[in-house]
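K.L.:
Protein sequence lines correspond, in order, to chains A and X.
Numbering-wise (UniProt numbering), the first sequence opens with residue 1 and increments by one.
Numbering-wise (UniProt numbering), the second sequence opens with residue 1 and increments by one.
A virtual CB, placed ideally from N, CA and C, is assigned to each residue, including glycine.
Predicted, not measured: the structure shown is a model, and the values here were computed from it.
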Amino acid sequence: MNVNKKLSSFEMFSMTLILIGMKLSDTTPSLFAQKSQNALWYIPFLAFLIVLPSFFVIMYLLEKVQAKHLVNLFELLLGKLLGKGLAFFIFLLSFLMISLDSRNYVEQIKTLYFERSSSLIIFVLFCVVCVFGAIRGIEVIGYTSKVLIPFLTASLVLVIFLVYEHMIWERIYPIFGSGLQFVLKESLFKGSIFADFILLTMAYSSFKKPSDFKIGGLIALFIAVLEITFLFLIYATVFDYNSIEKVSFPFHEITQYVQLGDFFTNIETFFMVFWLLATFLRFILLLYLQTWLFGAIFNIDEFELLVLPLGFLSMVIGLIPDNSVVTELVYRNQLLDLLTPVLIVLPFLLLAIYTLRRKQVT
Amino acid sequence: MAKFCWLVIGLMPILFGCEDMVELEKQSYVVAVGIDKTDQDGTYQFTYQIANPEAGSSLAANNADQAPSEIISIVGTDLMTTSSTANAFVTKQMVMDQTRVLIISEELARTDQFLRVIQSVARSNQIRRGVKLVISKENASQFMNNNDPALEQRPHKYYQYMLSRARETGLIPDADIHRFFQITEGDADLFLGIYATTIEDPKDVSGPEDTIVAGEIPKHGGNSTQFMGAAVFKEGIMIDVLTAEETRIANILDKTMKMDELLASYPDPVAPEYNVAVKYIQKNEPKIEINYDRVANHAAIQVIIPFEAEIIAIPSLINYSQVDSYKERLKKSIESYAEHVTRQFIKKTQEFYRAEPFYWSLYIRKFFKDIPDFEEADWNKQIYPNADITVYYQMKRMHFGKMLDDTHLNEVRD
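If you want it as structure tokens, here you go:
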């Protein structure tokens, strides 16, 4: 395949959109709905506003310090040992997150489409595909994202178009859902659903220009947030506040519910293809970035060789929880709550250190 | 050779996908499911109508005498385990992906057992949310066995077309499982299920033809199955049956029900012994304005229903289209007749059901800041039964079809 060695801003845009935007189709909405009921739809937006400054700070620092990637940034600012330690801490958290996330997706595939296959086999196949994809490197991933994004967007637009007639706008009231304090608390602690974006900074040096990373990433983030907010709004208006708590996969419930005229009635498999492609791409990207992070921490240049063991390890961790309800409501929820303060505070800490150091130098 | 071996081994995992493979030939497609009460709580009789995919298809023209479907009944605790028990005498695996309707006997629907059995139906991921909910007057198994359409024999198409057409005319409500759970779990409104029967019990109809429910239509010929009217569910238990006219009113007043036009007859104002046939066209949603008094927990509801009418038949042959005063009288008469029946129905819901089937809880929601607040005010029990409701119909336009004038009776008889 003829692939440009360096990534462009559109490839950054596609990768970010797939990485963040996929949140709309997993169990995140039902997780939000547990606490906030029908107010779930604007939580992603509030959460994004809370974490946005952190993203700006990270990008600003990357540019000023002229770091190659995230670990490099930590090392330059905090010194070798502390920087690596911090990076390793982030690696552990996000690795756990991805393992649980992948289990979540495997459960979705299993309960919705492959009832009889065991989770193990689906997980193994899932990992094989991810490892196979991740080994090809960031250029191929970026290129594939770029090629797929129009199709994914088109299928999403079709879902929205078909479900539109089932929406009842009045269901967004009462506007504060289960109560303002719960909604605000939930927004404050769930900023970490955007945490995957921090991992993308590992690829900072593989872009043609640093501005490609910044422009593509930011535009994609905004669009992803709008997309997530709008889809969550659809979930809140199609399912009422009492039902949304009980539905574990609202996106798939919707694709099962809609029909294309009288003739095409059971059309969810059509959407499943695009959804599955996006899922694979997302985990390929995540696995690759994880491995890169790991390689950078331990100074392993040929980190692509680590994709296989790390993929295997994440599968083993993902298999530990008993069932998807536990994974979703207990582990993932706690992990998200834990990750958010780190995500919010850390960049500002780094910024403080950066300004102090600069003063010392001058 | 070694390369070839690796290729074979490498391609092996692709076969994992076959674990869930089921041949089309090895599946029985259940099109309709019926649930009946038995003597024992927690045990139900399930009836499955299994479609025969070969009947009615153009490919199988030479074996035209195949039955389009098979109906079996079996006693059990829930839908899925019973369907596997049924494999003792059904040759293939029963799948419910293609199920179109769920038929519940009225007897079961009137008990609290109904919610228990339908919960288990919703949990299974084979039954879709779009499955329609039909309440049959007799036992569901009897209903399904009696149902014998002559023209549309393929059962899945029969149910699909039958229900969608009856919906369009407003004779039945839009009732799928999705809506049932929305409303029952929301616990603020009444749910309307489709009412149907195969037992004919014709009723003498004097006046407009739709003050009846399924089974009471005075008709000859055709399938004995009738879908008409609605079963009213309060908190998951059926409490009453609405006539076709009441169902239409509920459809008109509920903005979440998609209804375009319906044919109905209204009393002729000038010659009261006749009716005027009118096509009622609803282009815009009804305007429902609620003034809510928070302190007294009291609401005043104003309903304005804009509609258009097309006059289809004037058996009295009065010249409504050209005489303005007659036209005005007809307009007023239709409006006031519609207002009268609507007010009567609303009064019935307030006093008798003490809850509404129009999904109006949607409009009161914006007065509350959060759900605990909303639930405490209790729209269902406190606000609605005591609300002041005013209804106005507004005829925006009157069409007279393609004839300018009717035949002049006195000239013909001359």
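(1) Given that residue 400 of chain X touches chain A, what residues does it touch there, using C-beta distances under 9 Å?
(2) Note down, in chain order, each residue of its chain lying with its Cβ closer than 6 Å to the Cβ of residue 277 of chain X, except the 5 sequence neighbours on either side.
(3) Taking any Cβ of chain X, which residues in the segment 107-118 of chain A have a Cβ under 9 Å from it, in chain order?
(4) Using beta carbons (cut-off 7 Å, strictly below), is residue 2 of chain A in contact with chain X?
(5) Does any C-beta atom of chain A lie closer than 7 Å to the C-beta of residue 185 of chain X?
(6) Which same chain residues end up closer than 6 Å to residue 135 of chain X when comparing Cβ atoms and leaving out the 5 residues on each side of it in sequence?
(7) Which runs of the beta strand (DSSP E) fall wholly inside the segment 228-311 of chain X and span at least 3 residues, in chain order?
(8) Could you have a look at residue 126 of chain X and say whether DSSP puts it in helix, strand or coil?
(9) Please state the DSSP three-state secondary structure of residue 185 of chain A.
(10) With 7 Å as the threshold, decide whether the Cβ of residue 19 of chain X is near any Cβ in chain A.
(11) So the alpha helix (DSSP H) residue 163 of chain A belongs to, where does it begin and stop?
(12) Leaving out five residues before and five after residue 2 of chain A in sequence, what residues of the same chain have Cβ atoms less than 8 Å from its Cβ?
(13) Quick one: does residue 179 of chain A have its CB under 7 Å from some CB of chain X?
(14) Under a three-way DSSP split, which group does residue 27 of chain X fall into?
(15) Would you verify that the beta carbon of residue 243 of chain A is, or is not, closer than 7 Å to some beta carbon of chain D?
(16) For a test of the three-state rule: what should DSSP assign to residue 44 of chain X, helix, strand or coil?
(17) Taking 7 Å as the threshold (beta carbon to beta carbon), is residue 170 of chain A in contact with chain X?
(18) So residue 20 of chain X packs on residue 114 of chain A, CB below 8 Å; how close in whole Å?
(19) Counting contacts by CB-CB distance shorter than 7 Å, is residue 115 of chain X in contact with chain A?
(20) How would you list, in chain order, the residues of chain X whose beta-carbon sits under 8 Å from the beta-carbon of residue 266 of chain A?
(21) Is the Cβ of residue 179 of chain X closer than 7 Å to any Cβ of chain A?
(22) Rounded to a whole number of angstroms, what is the C-alpha to C-alpha distance between residue 242 of chain A and residue 251 of chain A?
(23) Quick one: which chain X residues come within Cβ less than 7 Å of residue 125 of chain A?
(24) Check the C-beta distance from residue 259 of chain X over to residue 282 of chain X and give it rounded, since I have them as a contact under 8 Å.
(25) Buried or exposed: where does residue 209 of chain A fall if 16 or more other Cβ atoms within 10 Å of its Cβ makes it buried?
(26) Name, in chain order, the residues that DSSP records as bridge partners for residue 34 of chain X.
(27) Taking the straight line between their C-alpha atoms, what separation do you get for residue 146 of chain X and residue 198 of chain X?
(28) For residue 124 of chain A, which three-state DSSP category applies?
(29) For the candidate residues X:250, X:153, X:23, X:321, whose alpha-carbon lies nearest to that of residue 189 of chain X?
(30) Around the Cβ of residue 348 of chain A, are there at least 16 other Cβ atoms within 10 angstroms (buried) or fewer (exposed)?
(31) Cutting at 7 Å between CB atoms, please list the residues of its own chain near residue 326 of chain X, excluding the five before and the five after it.
(32) Mind reading off the beta-carbon distance from residue 84 of chain X to residue 48 of chain X? Whole number of angstroms is fine, and I expect it under 8 Å.
(33) How is the alpha helix (DSSP H) around residue 156 of chain X delimited, first residue to last?
(34) Using 10 angstroms around the beta-carbon of residue 253 of chain A, count the other beta-carbons present and answer buried if the total reaches 16, otherwise exposed.
(35) Which of the three DSSP states is assigned to residue 224 of chain A in this structure?
P.N.:
Per the coordinate set shown:
(1) None at all; the shortest Cβ gap to chain A is about 32 Å.
(2) 265, 312, 313
(3) 111, 112, 113, 114, 115, 116, 117, 118
(4) Residue confidence for residue 2 of chain A is low, a pLDDT of 45 falling below 50, so the modelled location carries little weight; the figure read from the coordinates is stated next. Cβ-Cβ to chain X under 7 Å: no for residue 2 of chain A.
(5) yes
(6) 104, 106, 109, 193, 195, 231
(7) 237-242, 261-267, 275-281, 287-293
(8) coil
(9) helix
(10) yes
(11) 138-163
(12) Because the pLDDT at residue 2 of chain A is just 45, under 50, the model does not fix this residue reliably, and the point stays unresolved.
(13) yes
(14) strand
(15) The structure shown contains no chain D; its protein chains are A and X.
(16) strand
(17) yes
(18) 4 Å
(19) no
(20) 97, 98, 128
(21) no
(22) 17 Å
(23) 13, 16
(24) 6 Å
(25) exposed
(26) X:47, X:103
(27) 6 Å
(28) helix
(29) X:250
(30) exposed
(31) 270, 318, 319, 320
(32) The Cβ separation is near 12 Å, so there is no contact.
(33) 155-168
(34) buried
(35) helix
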